Structure formats: C-alpha cells, structure tokens
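The opening residue of the sequence shown carries number 443 in the numbering used here; numbering runs sequentially from there.
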Amino acid sequence: MMAGLHRIVREFALWLVDHNHPGADVDDAALLLDLLGRHLGVTDPAELERGDLAELLLDVLPGERGALTARDPAGVVPTARALLAFFVDTERLPAERATRFSAELDSAEPDFVPALLDVSGWDESDDVFSVDLSAALGLPSRLPPVRLPDTEALATAARASGLFAMVRKLAVWVGEQRPVTEVAELEVADTAEAIGVLGVTEAEFTHLWRVAAAMEFIDFDDDVTVAVAGPSLEDWPSAEDETALELWSDGFGHLLVDPLALDDEEGEVPFLVESTGMLVALAMFFSRSEGAPVAELRDAVMVEATGEHNTTQLRAEWADWIAANGDPADVLLERMSKHGAVEFVDDSARLTPLGTWGMRERLRAGGIQVPLLPPVEQMSARDLIAAADGFTTDELTAERSAWLASRDADAAIADLLRTAADGDAAERVFAVSIVNELDADDHWRKVADTVPLGPYARIALGGQPDAVDAAWLTADMLAAAWSPDDIGGLVEQFATVVPEGLESDILEMLWRVPHPEVPSVLKALGEGHPNKKIAKAARKAAFKTASLPRS
443 MMAGLHRIVR EFALWLVDHN HPGADVDDAA LLLDLLGRHL GVTDPAELER
493 GDLAELLLDV LPGERGALTA RDPAGVVPTA RALLAFFVDT ERLPAERATR
543 FSAELDSAEP DFVPALLDVS GWDESDDVFS VDLSAALGLP SRLPPVRLPD
593 TEALATAARA SGLFAMVRKL AVWVGEQRPV TEVAELEVAD TAEAIGVLGV
643 TEAEFTHLWR VAAAMEFIDF DDDVTVAVAG PSLEDWPSAE DETALELWSD
693 GFGHLLVDPL ALDDEEGEVP FLVESTGMLV ALAMFFSRSE GAPVAELRDA
743 VMVEATGEHN TTQLRAEWAD WIAANGDPAD VLLERMSKHG AVEFVDDSAR
793 LTPLGTWGMR ERLRAGGIQV PLLPPVEQMS ARDLIAAADG FTTDELTAER
843 SAWLASRDAD AAIADLLRTA ADGDAAERVF AVSIVNELDA DDHWRKVADT
893 VPLGPYARIA LGGQPDAVDA AWLTADMLAA AWSPDDIGGL VEQFATVVPE
943 GLESDILEML WRVPHPEVPS VLKALGEGHP NKKIAKAARK AAFKTASLPR
993 S
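Okay, structure coming up:
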C-alpha cells in the first residue's frame, strides 16, 4: 500500500475543492493509489517510473475489474491527471516528471476502455467485472441488425482514411530521428517545419502528433529524447485486410476518447469534453441512414460538457469558449469524417458503413448484440422482421419488396406465417401485415383453426371477428406496441384501439385472454398509465391473470 494512503486521499479531496479538474473522483484516486502500491510497488509518488501509469491502466485495472463495479471507467484517466497535478502542487513530484507521466496517460488512454472490455483469458467462473455497456449506457442488450459490406470492401475504405494519410506523412517526415522535448513534443523549429510540410494549423498538428504517437506511427526512445518512425508506418496501408481494419479501428477508438480540450487555445479547460465521442457516435449509430442533425449533436455535447448544473451563466461561458476554440462536436465530426467514419448529408451527420462497422465492434465488445443482416436473398422472414427497427419507412419498403422479389410467393408466405405463429406479438403483427398484401387465401385457410393466427385468418378470408377474436387481436396490438424501455408507445396504442369510456371493460376482457404477453402489458399499464383510474383497473386485471394458464 502507498505510504500514508488515507492521508494523501484526504489531502487530495481538500485540494480538489479548490482546483478545477472535471471528472476527477476521490474514490477513484484511492483506488489508483492502492493499486499502484499493491501491484507495482509504488509506495511514494516520487517512486513512479516510466511505464507505471500505462501498466496501471492497461494491465492492472483490467485485472481488477471487480474494483470498478460501481464506478464509471470514464473518470479514471481524469482522476489520474488530477493526481499528477496534486503531486506537483504538494511537492511530491517534480513538474517535469509529472509532464512526462501526463504524456504517458495521453498515449495509454485510447486503449484503456478496450483493455477493460477484453475478457479473453477469463472464464465464466472468474469472479471479475466486465464492462457492461448495456448497463453503463442504458442500452438494450440487443439492437436491430445492420448490413455491412464484406471485409475486403471495408478494408479498402479503411485504407482511404485521410487522417491516417496525414499521420503517415508525418511519420515519414519524422524518419529515423527527430529530437523531442521532455514531454515528447517536437522542438519549436521542427514543429514549424512539420506544420509547413503537412499544411495544417497548429491545433491540427497537435492532434495529428497525438494520433501518430497513440497509433505507433511514431515512437520514442526509452529516455524520450528523440522521435522515430514507428512500426505502423510499415503496416499502413499495405497490411492484410484484417490488420488494416484493426489499425483503422484503433484510430477510430482514439477519436472517441481523444481529449479535445488539449486543443484549447488558452491552455485552460473549464469543461469536461473528453468523453463525448461515444455519445456522438451512438447518436449517429441509432439514427442509421437518416443521420443525426448536427445542431442536436452540438447541444448534446454542450449538455454533457457542462454537467448537471447547466445554468444560464454556464451556457454563456460555453458559448464564449467555443467561439475561441471551436465547437467540440464540429471538431470531432470533422476528424471522424477525415478518418472515413462519418459523412455529412445536408445538416445531418451519419456513420459510413465503415463507421457503422467500427461502432458495431465496440458495442459487441461491451456485450451488446448487433446482428449482421445477410444478403436479401439469404434472409429469412425472421431476419426481415428483426431488421425493421433499423430501417426508415422508405428503406423498409424497399427491403420488403426486394425480399419478396427474391423468392417464390408461396414460400415467402409460408415463411412469414411460420414466423407469425412462433414469434411474439410484434413479429406477428408485422408478418401478417406483409401477408395481407399478397394472394394468400389458401395459406390462411390452413391456419384458420390455430390459436395465434386464427383471428387474422378469419378476417383475411372475409369473416367478422367474434368477441374472442377481438380480444386476441387487441392483446396482440397492445403487446406489439409495448417495450420495457418505453411505456409511451403502449399508452398511445391503448388510446388508439380502446374506445374512450370502455377502458375498464376492455381491461376486464383482456386478463381472460390466454395470451402469453398480456400479464406484462397489464402490469406495464398499471405502473405507467398517466390516467390513475385506468392504471388502477390495469393493476386489478394484472392481478387476476395469475389465475389463468397461458401458452
């Protein structure tokens, strides 16, 4: 354990009150200091050596996942930076050494979260913590599928990265040796020369230098006195497809966590803008081909950066800051665009197929399923239905038409009805909507006496639904609109299908329907319907469902 750990933590807590370090956390500081002592033998800040902080982030913490169970991993690196500043202020560490360690943090940061997500080598019996993005980000464990180009096409797109082209040019310029300062930066004259060679601004060069170092296009000697061309220079862009994609993906990950604030013209950062990349990328991932309005992305970054206390004064300070330094959302989107991950359509930004692939890889590593859509001719009816949420209305219409055109009509109808019979209410309603557009009378006659499809068959064949049919259809329509994450759709559908004034009667009817999803629907209405009378009736009906067997 680090000597005087508890005293240092108390001092750090008091110091943090008077020093602006967004994201820094006292509990995280205690954890880092404890791990430094127990795993690396660092019992005093003065004992820190080159490589210790990188080892702490990339090796020690991933092996101590349990210690992070109740914490946000995004706060670890800001806390480490704050600790370095604290050590300097309290004369526990010389400023020049702290600056070197800060550069080490910058280099290790892009790999920190991926290291936490890497669960290779652990089996299910290990009592360890793995980062669960579903829980951390409030996402469902399964997202709509995506269709991606093949590996060769993705690798070709990756090799066209404008960002890596500039980084490679920088590495070629560095060549065999360039002297660097104690903080691993070029000397003033060389910096000016490099800026001229690359044709970029000083801020753009700072970013390129960080990317080059993080992606090992450039490397440093052990004493950090010279920069040399790194191993990635040989790999890019001629590496095999898988290697090229892996390197591109590492670069994309770096953009998601790269500390934009380091480009602040004033050198002082009043806002936490280091952890907004994933927020922006997720917004684009969910908007799919429609893209996310850039104005909304700017607002989201502003809200994230200014924290919970988004006052008028803070918004004014934010406006002044971005006027001087540029909007972080614009900077991030432009960098992603140069890397081939983002494209602009009118006033919106959307992920390219390559960017979608990169996000899918990160989500899957975090335990979130994002299935791949096969080519349309290989899709089953279930594949088509599962993809519906990921398409716009026009895209879904086109996908459905292409799917029907790629197979025999009878085979398509049979597949759809099998899926409708075996699936949940949402799948059934969607499948039936497609079948109803086709000449399917012979198929409907075959299922007219089955439990889930009989009511639909009788209507399709020109009959009128009786009370039992109407009850089942109502249950299906409500269940299809229900999502555990969103009561709003169910409440809206309830208002649509249930005549005003008959809510209690319909709820009394629903609990008697042997529909497997009715208990969940009634429970959700009882807990979330804004009308207290309807909610009470739904709770009573939900209680009664326990007395009825369900399929």
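All C-beta atoms in this analysis are idealised placements derived from N, C-alpha and C, irrespective of residue type, glycine included. Owing to the predicted nature of the structure, the values given are computational and were not obtained by experimental measurement.
Exposed or buried, which one is A840 when buried takes at least 16 other CB atoms within 10 Å? exposed
Closer than 8 Å is the cut-off here; do at least three beta carbon pairs connect the stretch 587-594 with the stretch 771-786? no
Who are A863's beta bridge partners in DSSP? The partner list for A863 (beta bridge, DSSP) is empty, contrary to what the question assumes.
Nearest-angstrom Cα distance between S822 and A851? 13 Å
Looking at the structure shown, is D569 part of a helix, part of a strand, or coil, going by DSSP? In this predicted model, D569 has a pLDDT of only 33, less than 50, meaning its place in the structure is not dependable; the value taken from the coordinates is given anyway. Three-state result, D569: coil.
Would you list, in sequence order, the uninterrupted alpha helix (DSSP H) runs of no fewer than 4 residues that lie entirely inside the stretch 594-642? 604-616, 630-640
Are the beta-carbon atoms of L796 and W690 separated by less than 9 Å? yes
Q935, DSSP secondary structure in three states: helix
Flag this pair as yes or no: are the beta carbons of L932 and L967 separated by less than 9 Å? yes
Identity of the residues DSSP links to L814 by a beta bridge: V588
Let me make sure I understand the geometry here. Which of A917, V451, A524 has the alpha-carbon closest to that of N462? A524
How is D661 classed by DSSP in three states: helix, strand or coil? strand
V818 to I827, Cα distance in whole Å? 12 Å
Helix, strand or coil at R792 [DSSP, three-state]: strand
Where does G943 land, buried or exposed, given buried means 16+ other C-beta within 10 angstroms? exposed
Is the beta carbon of V722 less than 9 Å from the beta carbon of A758? no
If I follow the unbroken beta strand (DSSP E) through E785, where does it start and stop? 784-787
N- and C-terminal bounds of the beta strand (DSSP E) containing V668: 668-671
Does N767 pass the burial test, meaning 16 or more other C-beta atoms within 10 Å, or should it be called exposed? buried
Beta-carbon gap between F528 and L458 smaller than 9 Å: yes
Note the first and the last residue of the continuous alpha helix (DSSP H) segment covering V960. 960-970
Examine chain C for any beta-carbon lying closer than 9 Å to the beta-carbon of T987, and answer yes or no. Among the chains in the structure shown there is no chain C, since it carries only a single protein chain.
State the Cα-Cα distance for the pair T633 and F543, rounded to the nearest angstrom. 21 Å
Determine which residues share a DSSP beta bridge with P735 and list them. S790
Measure the C-alpha to C-alpha separation of V570 and P504 and round it to an integer number of angstroms. Unreliable placement is indicated for V570, whose pLDDT of 31 sits below 50; the coordinate value is still reported in the next sentence. Cα-Cα distance, rounded: 9 Å.
Residues sharing a beta bridge with D928, DSSP: S925
Any chance the stretch 875-885 sits against the stretch 911-928, with 3 or more Cβ pairs inside 8 Å? no
Given this structure, state the Cα-to-Cα distance separating S989 from S848, to the nearest angstrom. 47 Å
Just verifying my parser: in three-state terms, what is the DSSP assignment at E869? helix
Hey, how far is the Cα of L724 from the Cα of G483? 39 Å
To the nearest angstrom, how far is it from the Cα of D789 to the Cα of L687? 29 Å
Please report how far the alpha carbon of E950 lies from the alpha carbon of L596, in whole angstroms. 55 Å
Integer Cβ distance of A488 from L535, believed to fall under 8 Å: 6 Å
Given a cut-off of 9 Å on the beta-carbon distance, is the pair A922 and D866 in contact? yes
Beta-carbon separation of L815 and D825 under 9 Å? yes
Give me the Cα-Cα distance between E453 and P464, rounded to the nearest whole angstrom. 18 Å
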